[in-house]
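In this note's numbering, the protein residues as written are 104 to 443. Where a beta carbon is used, it is the ideal one built from N, C-alpha and C, also for glycine.
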Ligand SMILES: [Zn+2]
Ligand SMILES: [Zn+2]
């Protein structure tokens, strides 16, 4: 079988590998599609220590061999996988809070991922899909679960006013899912003109603002105005987070979903004076992942509209280059395996 590996900085390679086996608590999955994530681009850009790693953690496929789980799974069952790989022994793991295990970076980061024809998944994390959910959409359940877990952790309330910074896939999903959960007003801010246009076309946000323009900020920042109840950062960038701190109301909340590999300087007086509540969010609980599946299957959220392209394994390298340039209108690109 073939798999997509990091070869070196900004370089991917397709390699022949042995097909893994079911057994040892694992179920063999024939991978249908796997999404390309911002974190994959991070690893590709900064590949030191990750050479030889198979990428991929947002995927769906069908059971090829259920191994010793034949009572619950049959060959051909459509499935997706919660891509956690917790250590199992730390304090968090012992309490069942696997998503915050700090000894693991997960599938496609700390251990080989699923951009390959077959993937042997830890049976505990395999989820059978409802009939109403297609395999392509199901590959987007993982990023949707990231967003859902964040919004639920931040205790989003009906009619809340929400500002989202960053209109990449996670920011766009945040606008969509916040609305589905009952947010009253959602604004998106973004620097990249191509992404601003893309966010307007998708149409979930009530307003889409240019992050580097100031006119729109004044009414929200004014103590007499209507600051946001919740600010969601999907950028990991200091200017965006400090702007968010300016625009939340007193006792407003800040949800951090954006990844930054370096420390970010924050104006902490803004947090103090507003009594802002800062919520970090990592991965998802299994419960929230299952809820993301249920929301998508019930059509309360629409994941299909975020799929902008389907490519083959051979097109991965050029697609990583184009996604990294920030000049494409792509939201989520799926790599289709097995020629399907
Ligand atoms: Zn991801
Ligand atoms: Zn652990």
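- The three-state secondary structure of residue 333, taken from DSSP, is strand.
- Taking residue 249 as reference, the option from 160, 286, 325 with the minimal CA-CA separation is 160.
- At least one heavy atom of ligand 2 falls within 8 Å of the beta-carbon of residue 189.
- Per DSSP, reduced to three states, the secondary structure at residue 183 is strand.
- Residue range 288-293 is occupied by the beta strand (DSSP E) that includes residue 288.
- Selection 366, 367, 376 evaluated against residue 356 yields 376 as nearest (Cα-Cα).
- In this structure, DSSP gives residue 436 an extended state, which the three-state scheme calls strand.
- Taking the Cα positions, residue 213 is about 31 Å away from residue 380.
- Counting only runs of at least 4 residues, the stretch 354-431 fully encloses the following alpha helix (DSSP H) elements, listed from N- to C-terminal order: 371-377, 389-400, 419-428.
- For residue 194, the enclosing alpha helix (DSSP H) begins and ends at 194-197.
- One alpha carbon belongs to residue 254, the other to residue 283, and they sit about 11 Å apart.
- At a cut-off of 8 Å, the beta-carbon of residue 389 does not count as near ligand 2: no heavy atom of the ligand is closer than that.
- Cβ-Cβ separation between residue 337 and residue 267: approximately 6 Å, consistent with a contact (criterion under 8 Å).
- Our two residues, residue 393 and residue 277, have alpha carbons roughly 17 Å apart in a direct line.
- In the displayed model, residue 168 falls within a strand according to three-state DSSP.
- Rounded to the nearest whole angstrom, the C-alpha separation of residue 299 and residue 292 is 8 Å.
- For residue 278, no beta strand (DSSP E) segment is defined; the enclosing uninterrupted segment is the alpha helix (DSSP H) at 272-283.
- When Cβ pairs closer than 8 Å are counted between the two stretches, the stretch 174-188 is seen to touch the stretch 229-239, the count reaching three or more.
- With fewer than 16 other CB atoms across the displayed protein chains lying within 10 angstroms of its CB, residue 401 is exposed.
- With respect to residue 334, residue 265 sits close: the two C-beta atoms are nearer than 9 Å.
- Distance from the CA of residue 237 to the CA of residue 431, rounded to the nearest whole angstrom, comes to 25 Å.
- In its chain, beyond the 5 residues on either side, 196, 204, 206, 207 have a beta carbon closer than 7 Å to the beta carbon of residue 190.
- In this structure, the CA atom of residue 246 is about 10 Å from the CA atom of residue 162.
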